[in-house]
Structures are given as C-alpha cells and as structure tokens.
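Numbering (our numbering), first residue to last: 171 to 321.
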C-alpha cells in the first residue's frame, strides 16, 4: 500500500472530524474520504454513512463493505468502547488509542487514580459512588472546588 492511494473513513460528526476529513482529502495519499455518521455540513462535501458510532460491529462492517484502507476514530465514546481494538482485530489500519488508552480521557476517576498512583502532581480529589460520602468530602475541602462526573 506504500504507493497506493487510500480510501479513508473518518468516524465522528463534530467540527474536529470535519476538519480531519478536509485535511485527509488534501493529502496526496488519499483516494477518497468518507465520514460516519457525519453531519449536515459534512454530507455536502463527503459521502456520509448514518451508523451508530457506539456499535463497533457497525463501524467494522462499514469499513469492510466500503473497502476502507485507513480509519480515524475521533469521538471519545467509540474510542472508549474499543472501536480501534475491533478494527485492528480485523486488520484494518486505524488511528486512535485502544480502549485501555482512551480510558485516560473517558474516565476522570481512572485518570485521577492513575496520576496519584504514578506520583504525577494533580489537585486533591475523591471518587465516590454514594452522595453522603461526596458531601462529607466537600464539607472538609477547601474552596475553590470542581465537581465532575466520571465516565
């Protein structure tokens, strides 16, 4: 595939994925760029396929049926759901972190625990599944505070 042009699939529907599709189109390595699911603006420039990006089987099926050479997975949800892993298992060249790597972005609790475990400086934090425990932590904490949901 070194000298062959590639058919590229961009997974996502946001501005970032729209720009990725435009940049890939400008590459001398690109034969064609398609998007899934895309959006109204993207579908004016690229063939758009309305798949569910939370369903790895749909992503793999589209890549296979469309003879895709290279996939770029943009959104956090398919990355965290293992879309890159599923595509790689089928031998489809893919850009993006595997599910384990994406967890750093997808789970604030995982990330804070990871930072603490590896002695990487981070703000004080707590992970809670019970409201009472969270309220107790908040009552003992100094302001300003930031509260975020994880996942």
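Ideal Cβ placement from N, Cα and C applies to all residues, glycine included.
Judged by DSSP secondary structure, residue 248 falls within the alpha helix (DSSP H) whose first and last residues are 246-250.
Residue 205 is a Cβ neighbour of residue 213, given a cutoff of 9 Å. Taking a contact to require three or more Cβ pairs closer than 8 Å, the segment 273-293 and the segment 238-258 qualify as touching. For residue 233, the number of other beta carbons within 10 angstroms of its own is at least 16, and it is reported as buried. Counting other Cβ atoms within 10 Å of its Cβ, residue 290 stays below 16 and is therefore classed as exposed. By the CB criterion at 9 Å, residue 207 and residue 230 fall outside the cutoff. Around the beta-carbon of residue 197, fewer than 16 other beta-carbon atoms lie within 10 Å, marking it exposed. In this chain, residue 176 is not harboured by any alpha helix (DSSP H); it is covered by the beta strand (DSSP E) spanning 176-182.
Counting only runs that start and end inside the segment 196-225, the beta strand (DSSP E) elements of at least 3 residues fall at 200-207.
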